[in-house]
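This report refers to the structure that appears directly beneath it.
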Amino acid sequence: MKQYYPKNGRVILHVDMNSFFASVEMAYDASLKGKPIAVAGNPEERKGIVVTCSYEARKFGVKTTMTVWEAKKRCPQLIILRPNFTRYREASEAMFRILRQYSELVEPVSIDEGYIDITESYELGTPYEIATMIQQQLVNELDLPCSIGIAPNKFLAKMASDMKKPMGITVLRKRDIPEKIWPLPLIEMHGIGKKTADKLVDAGIQTIKDLAHTNDLQLEKLLGIRGLKLKEKANGVDLRVVDPNAANDYKSVGSSTTLPKDSTNQQELLKVLEKLSSETATRMKKKGYLTNNVSITIKYKNRSTITRSRKLNNPVVQQKDIYSAAKMLFLKHWNGNPVRLLGVTGQDLVEQQDAVEQLNLFSYEKVAMKEPLYQAIDKLREKYGENAVQRGVNKNKK
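By this note's numbering, the letter at position 342 of the sequence shown is numbered 570, and the numbering carries on one by one without gaps.
If you want it as structure tokens, here you go:
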């Protein structure tokens, strides 16, 4: 089967589970199959947020991040289920175990999707045959449907997996780009969110084809280096490899400062940590990263230095989340001696376009509701400086 594989290039699959949480629930309880169901945090509350829903529910217009009240309004017979974290985690682990039967080069992107490089797996069959085997094994063993994209790089594989849902297999070659990719609106391009799409559309760049042919200087002025990277992808160029340890390879992002004078004032030191957390968050957002691990550095008057870190449940990028972890670490490990330098660093970074809050759906609900607020704060700080907006304290809160 080696003749079906490129001599120099790669063959990469993107495996994307279809409506994962809802599908896991239907696999667990067969009576739910064929019915409109949704998984939501706080399903008893009208303002609870829909995290995922079945394709049957989507036919009624039910969408992710919609309130339970709105979802029920569109689909009165909608079955709302509470999330089962353990069940989803076990299903995800089983899914990735199956993928690793076909290649050692498996890169999880989130709880329900990942890349697999099958370039050296030619003895198992053609790329399409391998994709079919994976899809059937996931259905037969786990009762979970998926869509798979087959392409020469990660970007095209991701775009391909989105083209046929549910249970689709799509081959996307570079020669297919003008016909299948370029006519699409920017919002449908992997790596471009609404904010970026709006900025490009305002500049007259409407489609992926427009982006592929935009002048480099104009793009760099609009989006910086990221704009040039997006143009490369729009032209089918993506040199990223499938790396099982990719999440650990990104460099850390942080900020540190030497104090004007050595200090033992706890409130003063916490204010410095809060400012450093804000700077770290801003830098991560500009680079397009979220952090899974926050560390602090404390350098004392006698020049002795300690570094302590904390693993987070979900990747974060907001200042309040980074500061919360940094503050906890500081209060736990500061020995009370005069401090000369403080630092806050985000480690174990993941790309923002690939990151999801993997299991804590209640946190997802809170983030979904607060996202407009965070965006407004970011705009104010960007325009007027880091100190333009400060968090208030509820003195009545127990």
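Glycine included, each C-beta is placed from N, C-alpha and C at the ideal position. Nothing here was measured: the structure is a model prediction, and the numbers come from that model.
For K513 and L306, the gap between their C-alpha atoms comes out near 37 Å. Burial check for W297: the Cβ neighbour count within 10 Å stays below 16, so the residue is exposed. If you look at M245, you'll find it isn't in any alpha helix (DSSP H); it sits in the beta strand (DSSP E) that goes I240 to M245. In the three-state DSSP reduction, Q329 falls in the coil class, being neither helix nor strand.
In this structure the region 353 to 364 does not lie against the region 257 to 268, because fewer than three pairs of beta carbons, one per stretch, are closer than 8 Å. For the pair L557 and E507, the Cα-to-Cα distance works out to about 18 Å. When the alpha-carbon of L501 is set against those of K529, L559, D444 and C374, the nearest one is in L559.
V465 carries a coil assignment under DSSP once its states are collapsed to helix, strand and coil. Of all alpha-carbon atoms in T485, Q231 and H561, the one lying nearest the alpha-carbon of G353 is that of Q231. Residue environment for Y343: buried (at least 16 other C-beta atoms within 10 angstroms of its C-beta).
Between L577 and V481, the CB-CB gap stays under 9 Å. Listed as beta-bridge partners of I436 by DSSP are no residues whatsoever. No Cβ-Cβ contact shorter than 9 Å links G455 with L504. Beta-bridge analysis with DSSP links G377 to H242 and T398. Here K527 is buried, its C-beta having at least 16 other C-beta atoms within 10 Å. Per DSSP, the beta-bridge partners of L569 are T486 and K527. Here the C-alpha atom of L241 lies approximately 5 Å from the C-alpha atom of I378. Under DSSP, K539 shares a beta bridge with N521. Going by DSSP, Y350 is part of no alpha helix (DSSP H) at all; its letter is neither H nor E. By the C-beta density criterion, T314 is exposed, having fewer than 16 other C-beta atoms within 10 angstroms.
Looking at the DSSP output, D430 shares a beta bridge with no other residue. Within the same chain, Cβ atoms closer than 8 Å to the Cβ of L498 are found at K555 and F558, the five residues on either side in sequence being excluded. Between the region 282 to 292 and the region 244 to 257, the count of Cβ pairs shorter than 8 Å is three or higher; the stretches touch. In the pairwise beta carbon analysis, the region 309 to 329 is classified as not touching the region 438 to 445: fewer than three pairs are separated by under 8 Å.
DSSP, read as helix, strand or coil, puts T292 in coil. Relative to G516, the option among L451, T486 and T485 whose CA is nearest is L451. Of the residues assessed, Y356 falls on the exposed side of the cut-off, its CB having fewer than 16 other CB atoms within 10 angstroms.
Bounds of the beta strand (DSSP E) holding I307 are I307 to L309. Boundaries of the alpha helix (DSSP H) harbouring S552: Q547 to H561, taken from the DSSP string. According to DSSP, V267 shares a beta bridge with T280 and L309.
For V500, the uninterrupted alpha helix (DSSP H) segment begins and ends at Q494 to K515. Annotation for A388: G377, A379, T398 and L400 place their beta carbon closer than 6 Å to its own, counting only its chain and skipping 5 residues before and after. Nearest C-alpha to N541 among K548, S552 and N520: N520. Under the three-state reduction of DSSP, V367 is assigned to helix. Beyond the five residues adjoining it in sequence on each side, R328 comes within less than 7 Å, by CB distance, of V334 in the same chain, given in chain order.
In this structure, DSSP gives S491 an extended state, which the three-state scheme calls strand.
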